[in-house]
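Asker: Supplied in structure tokens, the structure appears directly below.
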Amino acid sequence: MVTVVETRALTKRYGRHVAVQNIGLQVQRGSVFGLIGPNGAGKTTVLRMLVDIIRPTAGELSVLGETPRRAGAAMRRRIGYLPGDVNLTDRVSGRMFLQHIAQLSGVVAEHKIDQLAERLELDMTRPVRDLSKGNRQKLGLIQAFMHEPELLILDEPTSGLDPLMQREFLAMVREASSVGQTIVLSSHILSEIQHAADDVAVLAQGRLVAHGDVASLRLTSVARLGAVIADTDALTLHTRMQALEQLEDVHIHPTPDDRIHRLTATIRGDMDPVVKALATFQIRDLTVEEPDLEESIIDLYARTK
Amino acid sequence: MTHANPQTAGPTTVGRVFLRLVFDGWRGMFGWIIGIAAVLGLYLPLYPSIASDQMTELINNLPTELVEVLGYEDVVTGAGYTQATFFGLLGYVLIAIAATAWGAAFIAGTEETGRLELTLAHAVGRVQYATESLAALLAKLLMLALVVYLMIWALNDPSELDLSAANLLAVTIAWASLGLLSGTAALAVGALSGRRLWAIAAGAGVAVLGYLFDAVGSTNDDLQWLYDLSPYHWAYGNSPLAQGFDWAGLALLWGLCAVFIALTIYGLARRDILG
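First to last, the protein sequences are chains A and B.
Under UniProt numbering, residue 305 is the last one in the first sequence; the count climbs by one each step, no gaps.
Under UniProt numbering, residue 275 is the last one in the second sequence; the count climbs by one each step, no gaps.
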């Protein structure tokens, strides 16, 4: 395993305002690493520090084995970077724009720009400043991918892309990862991370609130319970369920039959006592919904407050 | 793994930022050249009709303070007329605005649109970007200076200005240096703050204060110390179009430019880029 990005106790303060505090991350070569959190959580701040656009206040930072501040321009040839806000006002055509950027980056293989533009369905003959938000985003993606960098750092890469293009982008990410390129991307749209990322770090208010592979993140979280229970009265069922510390938001819904009740609740933590308690009743139907990441994140935010 | 080329190598990026800044603004450059040519083409051909005895008499009858503020003491000589109408007034305004606009756009302007972030995330260093911005500013000012020099020289005989080629060169360089001062002031404040409006205020402020100190200093002997603070006076105080190069004045101008240049490089190299 080769670590491509590593941060230790990474902190960025602006005067008294703390943008990012005590972040420790590790990104392995060839992996897709997702940084998620709401706007203002510090995602962009972390990504900008990786390419030396801003400098850490404290902590250690290593990218491709070097310190961004000291490594300078040569290190950034090996990186493809998509800024969070691609606000381009150039009069030149998309193709010219990309050719100009190519002169500032690593070697761009012949036809690479055309291939990427074709894939993302971008018309490169139009002036950059006349492009829609989505098409500017495509330009931003092309300039990040075109020199086939070892490390891709993409800030909100799918913003402005329609669902079809989002899927194409995710395919590009998987392909890049399969040939050994490392991808760090940020998002506040969780489904994007869910399908693309091997590892996820969750940021909230500048702090790291969770960190791990996508599967394990779900385990630590909540599940939705739904059950239809027969042959009991509502009070008994309610009392019994309320007593379980693993259950929250317990609701008993009446049905036309007053001996049958529909139960909904949120399971937090260990599943076993819940199932055993339910088993003492007659169960007509039972569903335990795997939480989507969104619920997990909301749950994580709540717990960090 | 098919991806086995760690790209530490690549084409050099030296000069790329310079070329983009110079060529992407060709429309603006064209506009400035038209403007300057229009001013010169309107004013200079009028000289033969102004250089008359009546004009001398009129100037003599005006309050001396007014004449001095306007710089019209020698307006009846070709050199005095060219200085008073172009280099000292409209030409000064034009180059101060152009240089300030460029100086503010190259760093603070690109930073505000997010373009600087994109450029600096590639293989371009901070010091490199600052240096190439300065070079682009200098190149554009030299282009304007060349146009002014050639245009005035072309009008010299038809307009009976009787200017010397060497003195014309001296004043054109002094004029371009005043532009460089406003431009580097805008660059420096842009590089230190990242804010385009502050950069514009700095470039314009240097130009306006320089002119005011010179004008106020000329009204009263007790206020002549203001001359020492006026870049405008450093450039034009010894009438380079009549007297030739004033190296002491130019040294002061270039010295202050050097301070702004150092601040530009220092500012951009040490600071966070704003989003």
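We put the CB at the ideal spot given by N, CA and C, even for glycine.
Bear in mind the structure is a predicted one, so any value in this text is a computation, not a measurement.
Run through the segment 96 to 174 of chain A for me and flag every whole alpha helix (DSSP H) of 4 or more residues, listed as ranges in chain order.
Answerer: List check, alpha helix (DSSP H) in window: 112 to 119 and 133 to 145.
Asker: Looking only at C-alpha atoms, which of B:Leu141, B:Ala166 and B:Val67 sits nearest to Leu33 of chain B?
Answerer: The question names Leu, but residue 33 of chain B is Ile in the sequence shown. Among B:Leu141, B:Ala166 and B:Val67, the Cα nearest to that of Ile33 of chain B belongs to B:Leu141.
Asker: Based on the DSSP secondary-structure assignment, which residues constitute the bridge partners of Val200 of chain A?
Answerer: Val200 of chain A pairs with A:Gly34 and A:Gly212.
Asker: Give the single residue among A:Val5, A:Ile53 and A:Thr57 whose Cα lies nearest to the Cα of Arg16 of chain A.
Answerer: It is A:Thr57 whose Cα lies nearest to the Cα of Arg16 of chain A.
Asker: Can you check whether the CB of Val76 of chain B is closer than 9 Å to the CB of Ile50 of chain B?
Answerer: Going by C-beta atoms, Ile50 of chain B is nearer than 9 Å to Val76 of chain B.
Asker: Do Leu185 of chain A and Leu139 of chain A have their C-beta atoms closer together than 9 Å?
Answerer: No, the Cβ-Cβ distance between Leu185 of chain A and Leu139 of chain A is not below 9 Å.
Asker: Cutting at 6 Å between CB atoms, please list the residues of its own chain near Leu155 of chain B, excluding the five before and the five after it.
Answerer: The residues are Leu44.
Asker: So that I know if they touch, is there some Cβ in chain B lying closer than 9 Å to that of Gln205 of chain A?
Answerer: No, because no Cβ of chain B sits closer than 9 Å to the Cβ of Gln205 of chain A.
Asker: For a contact defined as C-beta to C-beta under 8 Å, what are the partners of Ala123 of chain B on chain A?
Answerer: Result: Ala73, Ala74, Arg76, Arg77, Leu104, Ser105 and Gly106.
Asker: Name the chain A residues that come within less than 7 Å of Glu117 of chain B, Cβ to Cβ?
Answerer: Neighbours of Glu117 of chain B on chain A, chain order: Ile53 and Pro83.
Asker: For Asn238 of chain B, which residues in the same chain have their Cβ closer than 7 Å to its Cβ, ignoring the five residues on either side in sequence?
Answerer: Same-chain partners within the cutoff: Asp246 and Gly249.
Asker: Spatial neighbours of Met1 of chain B within its chain, please: CB distance less than 6 Å, with the 5 preceding and 5 following residues excluded, ordered by chain position.
Answerer: Below a pLDDT of 50, predicted positions are generally treated as unreliable, and Met1 of chain B, at 39, falls in that range; no measurement from the model is reported.
Asker: Starting from Asn22 of chain A and walking both ways along the alpha helix (DSSP H), at which residues does that stretch end?
Answerer: Element bounds for Asn22 of chain A: not the alpha helix (DSSP H) but the beta strand (DSSP E), His17 to Gln28.
Asker: Would Asn87 of chain A pass as an interface residue toward chain B - the criterion being a Cβ-Cβ separation below 9 Å?
Answerer: Yes, its Cβ sits closer than 9 Å to a Cβ of chain B.
Asker: Output the distance between the C-alpha atoms of Phe281 of chain A and Ser31 of chain A, rounded to the nearest integer angstrom.
Answerer: Cα to Cα, the separation comes out at about 47 Å.
Asker: Report yes or no: is there a C-beta of chain A within less than 9 Å of the C-beta of Val22 of chain B?
Answerer: For Val22 of chain B, the answer is no, since every Cβ of chain A falls outside 9 Å of its Cβ.
Asker: Any idea if Ser177 of chain A is buried or exposed, counting beta-carbon neighbours within 10 angstroms, 16 or more meaning buried?
Answerer: Buried, because 16 or more other Cβ atoms sit within 10 Å of the Cβ of Ser177 of chain A.
Asker: Among the residues of its own chain, which have a CB less than 7 Å from the CB of Arg29 of chain A, if the five just before and after it don't count?
Answerer: Val2, Val4, Gly180 and Thr182.
Asker: Any idea what DSSP makes of Ile54 of chain A, helix, strand or coil?
Answerer: Ile54 of chain A: coil per DSSP, three-state reduction.
Asker: Okay, do the segment 221 to 230 of chain B and the segment 98 to 114 of chain B touch, 3+ Cβ pairs below 8 Å being the bar?
Answerer: In short, these stretches do not touch, since the Cβ pair count stays below three.
Asker: Hey, Leu263 of chain B and Trp234 of chain B: beta-carbon distance below 9 Å or not?
Answerer: No, these two residues do not count as a Cβ contact at 9 Å.
Asker: Exposed or buried, what is residue 307 of chain A when buried is set at 16 or more other beta-carbons lying within 10 Å of its beta-carbon?
Answerer: Residue numbering for chain A in the displayed model covers 1 to 305; residue 307 of chain A lies beyond these limits and cannot be assessed.
Asker: Taking Cβ positions only, does Gln99 of chain A come closer than 9 Å to chain B?
Answerer: No, Gln99 of chain A does not count as interfacial toward chain B.
Asker: By how many angstroms is the C-alpha of Gly205 of chain B removed from the C-alpha of Gln194 of chain A?
Answerer: One C-alpha to the other measures close to 54 Å.
Asker: For chain A, check one thing: does any of its Cβ atoms lie closer than 9 Å to the Cβ of residue 278 of chain B?
Answerer: Because chain B here runs from 1 to 275, residue 278 of chain B falls outside it and cannot be looked at.
Asker: Out of B:Tyr47, B:Thr13, B:Asp157 and B:Val259, state which residue places its alpha-carbon closest to the alpha-carbon of Val107 of chain A.
Answerer: Taking only the C-alpha atoms, the option nearest Val107 of chain A is B:Thr13.
Asker: With DSSP run on the structure shown, which of helix, strand or coil describes Arg115 of chain B?
Answerer: Helix at Arg115 of chain B.
Asker: Considering only their Cβ atoms, is the gap separating Phe87 of chain B from Leu241 of chain B smaller than 9 Å?
Answerer: Yes, these two residues count as a Cβ contact at 9 Å.
Asker: Pull up the CB-CB distance for Val202 of chain A and Ala196 of chain A, whole angstroms please, since I reckon it's below 8 Å.
Answerer: About 15 Å; that fails the 8 Å criterion.
Asker: Contact defined as beta carbons within less than 8 Å: I believe Ile23 of chain A pairs with Thr44 of chain A. What is the distance between those atoms, to the nearest angstrom?
Answerer: Not a contact, Cβ separation roughly 13 Å.
Asker: What does Ile273 of chain B touch in chain A if you count any residue whose Cβ is under 7 Å from its own?
Answerer: In chain order: Ile53 and Ile54.
Asker: From the DSSP output, in three-state form, read off Arg271 of chain B for me.
Answerer: Note: Arg271 of chain B maps to coil in three-state DSSP.
Asker: Which bits of chain A does Leu192 of chain B rub up against, with CB to CB less than 9 Å?
Answerer: Simply none; closest approach about 16 Å.
Asker: Since Ala174 of chain B and Ala185 of chain B are thought to touch, with beta carbons under 8 Å apart, how far apart are those beta carbons, to the nearest angstrom?
Answerer: That belief does not hold up - the Cβ atoms of Ala174 of chain B and Ala185 of chain B are roughly 17 Å apart, past 8 Å.
Asker: What are the residues that DSSP puts in a beta bridge with Gly71 of chain B?
Answerer: Bridge partners of Gly71 of chain B: none, in fact.
Asker: Mind pulling the chain A residues with CB within less than 8 Å of Pro11 of chain B?
Answerer: Gln103 and Val107, listed in chain order.
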